[in-house]
Amino acid sequence: MGEPSRLGIGARGLVLGLGCLAVVVPFWAVLMTSIASPEEISRAGGFVLWTREPTLDAYRAVLSGGIVTRALMVSTGITAVGTALSLVATIALAYALSRPGSLLHKPILLMTVFTLLFNPGIIPMYLTVKQLGLLDNYLALILPVLLNAFNVIVMRAFFLEIPRELLESAFMDGAGEIRILLRIVLPLSKAVVAVIGLFYAVAYWNAFFSAMLYLQSPEKWPLQLVLRTYVVNDTPIGSDQLSSNLENLPPQISVQMAILVISIVPILLIYPFIQKHFAKGLMVGAVKG
Amino acid sequence: MHSLRNRWRRDRVLLLLALPGVTALLLFHYLPLGGNIIAFQDFQPFLGIWHSPYVGLDNFEPVLTGDPVFLNALVNTLIITLIQVVFVFPLPICLALILNATISERLKRLTQSILYMPHFLSWVIVVALFQQMFGNGGMLNGWLRSADLSTFHIVGVPELFKLMITSQVIWKDTGWSTIIFLAALSRVDPAQLEAAVVDGASALRRLWHVTLPSIRSVIVLLLILRLGDSLSVGFEQIILQQAQVGAGASEVLDTYVYNHGIVGGDWGTAAAVGLIKGIVGVALVLGANRAAHALGEQGVYTK
């Protein structure tokens, strides 16, 4: 390839550098403001980019019971249960579809792929959930999104890559389907299971509209709804919501930023794992999907 | 018949494994499709789907007669789609080209890790971050105020709303969307590029005659998917910010359906608009795919 020009390299570096700053600076400002002392915040008139007197008061205030603590537990629970159920259903269906020529293989595959093409619409979905008696029930946040057809297809593509001889020799030895799935197929597919599990987990953690639509009682709110109410809509949050026994409540902005940090941190924690695996998983999806 | 029985005996475990997933798809993808029948009913929640009276095409009146509230939602949707196809769609391609040309592998990976991150944040978080940075009481205005400079107002200004949501989309998804282009770029034949260098082609000519043509089918594929989605524009993103700017600037088809149906109780009209949106959406995907085939590209599915 030709020698790249110095100007070209400089321009590219500038674009990438600015892009990274645009991502990092907001996080940094939010994090710093959440741990800054009230004096620093009032001196800066709001956001703080560096704190000399870090304090965890804001976190203590939101995590010592009250609406944020409860929402955190709700979100964690939905994410854990939802991801487990989604993975089981996805693996099972993908495995069933990884055997071309089996009974009803074609119709089930078509039926799965077809769901990518259309969306039933908000109103019919709401009525269905209501009809099934799931309104105000956590299951309404899980069952409608239990299965993502795209994930099924990606996982199936992975299962199809496994050499047939391996499965056939296991059949010869008298192993049943379930045994083959658990003992041979899954151990060979750890990467794709991890990546799809993480995708499901992120989706459950981030779900906002389904919670707004299907949950009526505020005490059932997950974190995203609390975030919307007290940070996006700026509804004042005080000791009534926090049931905190701190003498002086930290400044509103610290509390808001602490809620924001709490909802971002889990994503940051699992992000390296997604990074590690996704290229592989996505490539298969892109090639075969 | 014998063979069917044999196949049942051989495959029943597979069918059992498929059962939970198939049930979920039937219950939450196919069954709700039937719920669209209320687009033709004067739906009353207490009467339910079975007993609400049928009213023919009455619910489609706002669409057929061009009701201004509906037209506003339609026009907003199309404008946002147009803005995003023109300004948002090419960005990941440019960014992928820049990343692809970055020589240091470590630097490339670090930048990718940072730029992909926002994709995994929820819309609530993205909107909250934007407000905290650019809002009237946000960080930038705080600095301007403390420096005795005049502040600016972009959050909550109806005229700037479309610009606002477009920047949010760019911030959240440009990095992530490069993945598929980077994958395509990694398959560009180095021999062709070297041949072009030998022939004296400038960097720009190499880009135009070698690199871009070899990722064309991916670009076309993604453009098709985007056009097929023309009528859906950032529902969660918009509903979160609608209260600040009002419906005039921010109502799109999806929020129209939500606001009229779930909030307003005008179930029939909302379902009718949702139904039309769904049908046109499917038609758009199929149409765009046809167009791709006519241009000699592969498209989403093959003929």
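Residue numbers (this note's numbering), protein chains in the order written: chain A, 118 to 406; chain B, 9 to 311. Every residue gets a Cβ at the ideal spot worked out from N, C-alpha and C, and that includes glycine. Here the structure is a predicted model, which is why all the values come from computation and not from measurement.
(request) With 8 Å as the threshold, decide whether the Cβ of Thr110(B) is near any Cβ in chain D. (result) In the displayed structure, chain D is absent; the protein chains listed are A and B.
(request) Below 8 Å on the Cβ atoms is my guess for Gly150(B) versus Phe164(A); work out the distance and round it to an integer in Å. (result) Looking up residue 150(B) in the second sequence gives position 142. Looking up residue 164(A) in the first sequence gives position 47. That pair is a contact at about 6 Å.
(message) Which residues in chain B have a C-beta closer than 7 Å to the C-beta of Ser380(A)? List them in chain order.
(response) The sequence position of residue 380(A) within the first sequence is 263, counting from 1. Going along chain B in sequence order, the residues near Ser380(A) (Cβ under 7 Å) are Ile133.
(message) Could you check whether Ile158(A) and Ser306(A) sit closer than 8 Å to each other, using their CB atoms as the reference points?
(response) Position 189 of the first sequence holds residue 306(A). Position 41 of the first sequence holds residue 158(A). Contact: no.
(message) Taking the straight line between their C-alpha atoms, what separation do you get for Tyr212(A) and Lys285(B)?
(response) Position 95 of the first sequence, counting from 1, holds the residue named residue 212(A). Position 277 of the second sequence, counting from 1, holds the residue named residue 285(B). Answer to the nearest angstrom: the Cα atoms are 34 Å apart.
(message) With H, G and I counted as helix, E and B as strand and the rest as coil, what does DSSP make of Arg20(B)?
(response) If you number the second sequence from 1, residue 20(B) lands on position 12. In the three-state DSSP reduction, Arg20(B) falls in the helix class (H, G or I).
(request) Can you grab the Cα-Cα spacing for the pair Leu226(A) / Val281(B), in whole Å? (result) Start at 1 with the first residue of the first sequence, and residue 226(A) comes out as number 109. Start at 1 with the first residue of the second sequence, and residue 281(B) comes out as number 273. Between Leu226(A) and Val281(B), the alpha-carbon positions lie close to 30 Å from each other.
(request) Drop a sphere of 10 angstroms on the beta-carbon of Thr352(A), count the other beta-carbons inside from all chains shown, and report buried for 16 or more, exposed for fewer. (result) On the first sequence, residue 352(A) is found 235 positions in, with the first residue counted as 1. Under this definition Thr352(A) is an exposed residue.
(request) With 8 Å as the threshold, decide whether the Cβ of Ser219(A) is near any Cβ in chain B. (result) Translated into the one-based positions of the first sequence, residue 219(A) becomes position 102. Taking CB atoms only, Ser219(A) has a neighbour in chain B less than 8 Å away.
(request) Go ahead and pull the three-state DSSP assignment for Gln49(B). (result) The residue labelled residue 49(B) in the question sits at position 41 within the second sequence. Strand, per DSSP.
(message) Can you tell me which residues form a DSSP beta bridge with Tyr62(B)?
(response) Here residue 62(B) refers to the residue found at position 54 when the second sequence is read from its first residue. Paired residue(s): Gln49(B).
(request) Could you tell me whether any Cβ in chain B is nearer than 8 Å to the Cβ of Val401(A)? (result) Working through the first sequence from its first residue, we reach residue 401(A) at position 284. Only weak support is given to the placement of Val401(A): the predicted model assigns it a pLDDT of 48, under 50, and the question is left unresolved by the model.
(request) Under 8 Å by Cβ, that's how I've got Leu166(A) and Ala139(A) pegged, so tell me the actual separation to the nearest angstrom. (result) Here the question's residue 166(A) lines up with position 49 in the first sequence. Here the question's residue 139(A) lines up with position 22 in the first sequence. Incorrect: roughly 15 Å between the Cβ atoms, too far for contact.
(message) Please state the DSSP three-state secondary structure of Leu407(A).
(response) Past the edges of chain A, shown from 118 to 406, lies residue 407(A), and the structure says nothing about it.
(message) Taking 7 Å as the limit between beta carbons, can you name the residues of its chain near Tyr243(A), skipping five residues before and five after?
(response) Here residue 243(A) is taken as the residue at index 126 of the first sequence, counted from 1. The residues are Leu330.
(request) Could you tell me whether the Cβ atoms of Ala279(B) and Pro241(A) are closer together than 8 Å? (result) On the second sequence, position 271 is the one that residue 279(B) refers to. On the first sequence, position 124 is the one that residue 241(A) refers to. Yes, they are a contact pair.
(message) If contact is defined by three or more beta carbon pairs under 8 Å, each pair taking one atom from either stretch, is the stretch 381 to 388 of chain A in contact with the stretch 147 to 165 of chain B?
(response) Between the stretch 147 to 165 of chain B and the stretch 381 to 388 of chain A, the count of C-beta pairs closer than 8 Å stays below three; the two stretches do not touch.
(message) Whether or not the stretch 255 to 274 of chain B and the stretch 69 to 82 of chain B are in contact is what I'm after, with contact meaning three or more pairs of Cβ atoms, one per stretch, closer than 8 Å; do they touch?
(response) Judged by Cβ distances under 8 Å, the stretch 69 to 82 of chain B makes contact with the stretch 255 to 274 of chain B, as three or more pairs qualify.
(message) Quick check: is the beta carbon of Thr85(B) nearer than 8 Å to any beta carbon in chain A?
(response) Reading the second sequence from its first residue, position 77 is the one you call residue 85(B). It does not: the Cβ of Thr85(B) has no partner Cβ on chain A nearer than 8 Å.
(message) Distance cutoff 8 Å, beta carbons only. Does Phe275(A) sit that close to anything in chain B?
(response) By one-based count along the first sequence, residue 275(A) stands at place 158. Phe275(A) does not count as touching chain B.
(message) Counting only Cβ-Cβ distances shorter than 7 Å, please list the residues of the stretch 121 to 149 of chain B near chain A, keeping chain order.
(response) So the close ones are Ser121, Ile122, Leu123, Met125, Pro126, Phe128, Leu129, Ser130, Trp131, Val132, Ile133, Val135, Ala136, Leu137, Gln139, Gln140, Met141, Gly145, Met147.
(message) Can you tell me where the alpha helix (DSSP H) holding Trp322(A) begins and where it ends?
(response) What you label residue 322(A) is simply residue 205 of the first sequence in a count that begins at 1. Element bounds for Trp322(A): 307 to 323.
(request) Determine the contact status of His37(B) and Pro339(A), defining contact as a CB-CB distance below 8 Å. (result) Translated into positions along the second sequence, residue 37(B) becomes position 29. Translated into positions along the first sequence, residue 339(A) becomes position 222. With respect to Pro339(A), His37(B) sits apart: the two C-beta atoms are not nearer than 8 Å.
(request) Taking only runs that begin and end inside the stretch 105 to 134 of chain B, name each unbroken alpha helix (DSSP H) of 4 or more residues, in chain order. (result) The DSSP assignment places complete alpha helix (DSSP H) segments of no fewer than 4 residues inside the stretch 105 to 134 of chain B at 113 to 124, in order along the chain.
(message) Going by DSSP in three states, Phe169(B) sits in which element: helix, strand or coil?
(response) Against the second sequence, residue 169(B) aligns to sequence position 161. Phe169(B): helix per DSSP, three-state reduction.
(request) Measure from the C-beta of Leu148(A) to each C-beta in chain B and report whether the shortest distance is under 8 Å. (result) For this step, residue 148(A) is matched to residue 31 along the first sequence. It does not: the Cβ of Leu148(A) has no partner Cβ on chain B nearer than 8 Å.
(message) Looking only at its chain, what residues have a beta carbon closer than 7 Å to the beta carbon of Ser334(A), apart from the 5 residues adjacent to it on each side?
(response) Residue mapping note: residue 334(A) aligns to position 217 of the first sequence, counting from 1. The residues are Asp253.
(message) At the level of alpha carbons, what is the spacing between Gly289(B) and Phe235(A)?
(response) The sequence position of residue 289(B) within the second sequence is 281, counting from 1. The sequence position of residue 235(A) within the first sequence is 118, counting from 1. If you draw a straight line from the Cα of Gly289(B) to the Cα of Phe235(A), it comes to about 8 Å.
(message) Just to confirm the assignment, what range does the alpha helix (DSSP H) spanning Glu282(A) have?
(response) In the first sequence, counting from the first residue as 1, residue 282(A) sits at position 165. Residue range 281 to 289 is occupied by the alpha helix (DSSP H) that includes Glu282(A).
(request) Measure from the C-beta of Leu204(A) to each C-beta in chain B and report whether the shortest distance is under 8 Å. (result) The residue labelled residue 204(A) in the question sits at position 87 within the first sequence. Judged by the 8 Å Cβ criterion, Leu204(A) is not in contact with chain B.
(request) Identify whether Gly293(A) lies in helix, strand or coil by the three-state DSSP scheme. (result) Counting from 1 along the first sequence, the entry for residue 293(A) is found at position 176. If DSSP states are grouped into helix, strand and coil, Gly293(A) belongs with coil.
(request) Name, going along the chain, the residues of the stretch 255 to 274 of chain B whose beta-carbon falls closer than 8 Å to a beta-carbon of chain A. (result) Cβ contacts with chain A: Asp262, Val265, Tyr266, Gly269, Ile270.
(message) Between Thr119(B) and chain A, is the shortest Cβ-Cβ distance under 8 Å, so that the two count as touching?
(response) Indexing the second sequence from 1 puts residue 119(B) at position 111. Closer than 8 Å: yes.
(message) So if I threshold CB-CB distances at 8 Å, which residues from the stretch 165 to 193 of chain A count as touching chain B?
(response) Contact annotation: in the stretch 165 to 193 of chain A, no residue has its CB less than 8 Å from a CB in chain B.
(message) Strictly under 8 Å for the Cβ-Cβ distance: is Asn297(B) near chain A by that measure?
(response) By one-based count along the second sequence, residue 297(B) stands at place 289. Closer than 8 Å: no.
(request) Under 7 Å between beta-carbons, which chain B residues line up against Arg129(A)? List them in chain order, please. (result) Within the first sequence, the letter at position 12 stands for residue 129(A). Per Cβ cutoff of 7 Å: Ile106, Ala109, Thr110.
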